[in-house]
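First up is the structure itself, then whatever we jot down about it.
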């Protein structure tokens, strides 16, 4: 099921990203840079290991994981989090936890596009990627 996500994706639209970053506790300068970035997301699989690489002029990040297994992640805004990613109704659902806080990142395929919904405390950001 994850193999449907495999490929290279380019950000085409972003709504409410600044408010979401603010809710995460990201500082103004980093929010401004993050808001300007138009990242590519490269998703690959090797056996049961999924890798998600995000590349932009601002920062590159890579996570590799097995579905349902918690792992340590350093986010693009430098948070140290515990993440777990599961497959729920065809969507990759990631939960990040740090310092008593929690955010959910849901990646799903809609009409050939990858729609990424980031949510924290009622603040929801939607970012849409098209396959390259």
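Numbering (the numbering used here), first residue to last: 675 to 806.
Beta carbons: idealized from backbone N, C-alpha and C, even for Gly.
By the beta-carbon neighbour count (other beta carbons within 10 angstroms, threshold 16), residue 736 is exposed.
Nearest C-alpha to residue 685 among 704, 695, 712, 697: 712. When the Cα atoms are used, residue 714 and residue 774 turn out to be separated by approximately 30 Å. Setting aside the 5 residues that flank it on each side, residue 755 is surrounded in the same chain by 747, 749, 770, 771, 772, each with a C-beta closer than 7 Å to its C-beta; the list follows chain order. In this structure, residue 697 sits away from residue 789, with a CB-CB distance that is not shorter than 9 Å.
Across the set 799, 682, 805, the C-alpha of 682 shows the shortest separation from the C-alpha of residue 729. The bridge partners DSSP lists for residue 766 are 761, 781. When DSSP states are grouped into helix, strand and coil, residue 786 belongs to the coil group. Membership of residue 705 in the alpha helix (DSSP H) is indicated by the continuous run 702-710. In the DSSP assignment, the residues bridged to residue 745 are 757. Out of 740, 752, 678, the CA that lies nearest to the CA of residue 701 is found in 752.
In the displayed model, residue 719 falls within a strand according to three-state DSSP. Residue 786 and residue 803 have their alpha carbons spaced roughly 9 Å apart.
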